[in-house]
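Numbering (our numbering), first residue to last: 54 to 335.
Working notes, structure below.
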Amino acid sequence: MKRFLTIGGGVVAVIATLWFVVATFVFPSIGSVVKAAVEKIGSDLTQTTVRLDDAQISLTDGRGSLHGLHMTNPSGFEDTDAFAFELIAVQVDLTTITSDVVVIDEIIVEKPRIRYEIGQKGTNIDTIRGNVESQQSAGTSSDDGPGRSFIIKNLYLRDGTVSVAATGLFDEQLAVPLPDIHLTDVGQDGAGASPGDIVEQTLAAVGSGITTAVADVDLDSIRRGAEDLATDAGEVIEDAAEETGKAASDVGEAIGEGAEQAGEAISEGAESAGEAIKSLFD
54 MKRFLTIGGG VVAVIATLWF VVATFVFPSI GSVVKAAVEK IGSDLTQTTV RLDDAQISLT
114 DGRGSLHGLH MTNPSGFEDT DAFAFELIAV QVDLTTITSD VVVIDEIIVE KPRIRYEIGQ
174 KGTNIDTIRG NVESQQSAGT SSDDGPGRSF IIKNLYLRDG TVSVAATGLF DEQLAVPLPD
234 IHLTDVGQDG AGASPGDIVE QTLAAVGSGI TTAVADVDLD SIRRGAEDLA TDAGEVIEDA
294 AEETGKAASD VGEAIGEGAE QAGEAISEGA ESAGEAIKSL FD
């Protein structure tokens, strides 16, 4: 159960970069600036490579959209995406832009794709979660002030999928649909919430949704399958070794027979040569 809850931490870590994106609305920013900010902040936060295809921001109506947000697997896992978001739409209440508490009316994450990969030293999501916690601790210790707070009235994750895989063992992924998630009034209590507070408040809800998604996935079967593959691989190697040994034996026998025949030929040649030399003195 705890393992699956950590999946939500990875999702929320990515979504947390949106709070930083929202902060850029207080400046005369353009899409390219937001794109660079998301990639820089996301990569630093997760210690992976975060890339964004496109960002479109409107300072007149408070709408923004991020297209093609990808986060790679951490080091030690398959060279592919851990998270991929097709579209993230944000609606900010412009009347709160200059306030200490910025109100976000809506965040919609469309078609999130999550890869849950089991490796020799844990999972990719556990690793990303650890990276995020480490970076947040480092950032918290160096903060000079309280920073801006946020309230998110509605946060949606829609039409998502979770894929389960095992590092280096098999290519097949077990994909299951991610239940739609709707969070309301995040940070509403009190004077808003910091990005870290928002992560903590949403982690349980997001993790529960993903836990539901993978509840029917038989991880024991995956492990058994991996063990079977390892056994099969061992048998193949053993068979190959036997064939190699047999081939080596055949070669050895051939060499032995060849050497014996060569020895006989040399002996016969020497005998003939001796008789020829002897005849010279007769």
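Idealized CB from N, CA, C, for every residue including glycine.
Under the rule that 16 or more other beta-carbon atoms within 10 Å means buried, what is Asp196, buried or exposed? For the purposes of this step, residue 196 is taken as the residue at position 143 of the sequence shown. Residue confidence is low: Asp196 scores 47 on pLDDT, short of 50, so the model does not pin down where it sits. No coordinate-derived value is stated.
Kindly list the residues whose CB is nearer than 6 Å to the CB of Lys164, restricted to its own chain and excluding five residues on each side of it in sequence; keep chain order. Here residue 164 is taken as the residue at index 111 of the sequence shown, counted from 1. Excluding positions up to five away in sequence, the list reads Glu139 and Asp212.
Straight-line gap, Asp146 to Gly115 (C-alpha atoms, nearest Å): By one-based count along the sequence shown, residue 146 stands at place 93. By one-based count along the sequence shown, residue 115 stands at place 62. Looking at the two C-alpha atoms, the distance is approximately 6 Å.
Where in the stretch 151-191 do unbroken runs of the beta strand (DSSP E), each at least 3 residues long, occur, reported from the N-terminal end onward? Those beta strand (DSSP E) runs which fall completely within the stretch 151-191 and span 3+ residues are 154-172.
Quick check on Glu92: does DSSP put it in helix, strand or coil? Mapped onto the sequence shown, residue 92 falls at position 39. It is helical.
Below 7 Å CB to CB, which residues in the same chain sit around Ala266 once its five sequence neighbours on both sides are set aside? The residue given as residue 266 occupies position 213 in the sequence shown. The residues are Val215, Val229, Pro230, Leu231 and Pro232.
Considering only residues of the same chain and omitting the five flanking positions on each side of Ser96, which have a CB-CB separation below 7 Å? Counted from its first residue, the sequence shown places residue 96 at position 43. Result list for Ser96: Thr102 and Val103, in chain order.
Buried versus exposed call for Ser202 [16 or more other C-beta atoms within 10 Å across all chains shown]: Along the sequence shown, one-based indexing puts residue 202 at 149. Answer is buried; the Cβ neighbour count reaches 16.
Are the beta-carbon atoms of Ile205 and Ile161 separated by less than 7 Å? Indexing the sequence shown from 1 puts residue 205 at position 152. Indexing the sequence shown from 1 puts residue 161 at position 108. Their beta carbons are not under 7 Å apart, which means Ile205 does not touch Ile161 by this criterion.
Report yes if the C-beta distance between Leu112 and Ile141 is below 7 Å; otherwise report no. Locating residue 112 in the sequence shown gives position 59, where the first residue counts as 1. Locating residue 141 in the sequence shown gives position 88, where the first residue counts as 1. It is not a contact, given that the beta carbons lie outside the stated cut-off.
Length at least 3, wholly inside the stretch 94-144: the beta strand (DSSP E) runs in chain order: 103-110 and 116-125
Continuous beta strand (DSSP E) stretch holding Thr147: start and end: For the purposes of this step, residue 147 is identified with residue 94 of the sequence shown, where counting begins at 1. Rather than Thr, the amino acid found at residue 147 in this sequence is Leu. Here Leu147 belongs to no beta strand (DSSP E), and DSSP marks it neither H nor E.
Grab the span of the beta strand (DSSP E) containing Thr220 for me, first residue to last. For this step, residue 220 is matched to residue 167 along the sequence shown. Counted as a single uninterrupted DSSP element, the stretch harbouring Thr220 is not any beta strand (DSSP E), since DSSP gives it neither H nor E.
Classify Ile167: buried if its beta carbon has 16 or more other beta carbons within 10 angstroms, exposed otherwise. Taking the sequence shown and counting its residues from 1, the one referred to as residue 167 is at position 114. Around the C-beta of Ile167, 16 or more other C-beta atoms lie within 10 Å, and the residue is accordingly described as buried.
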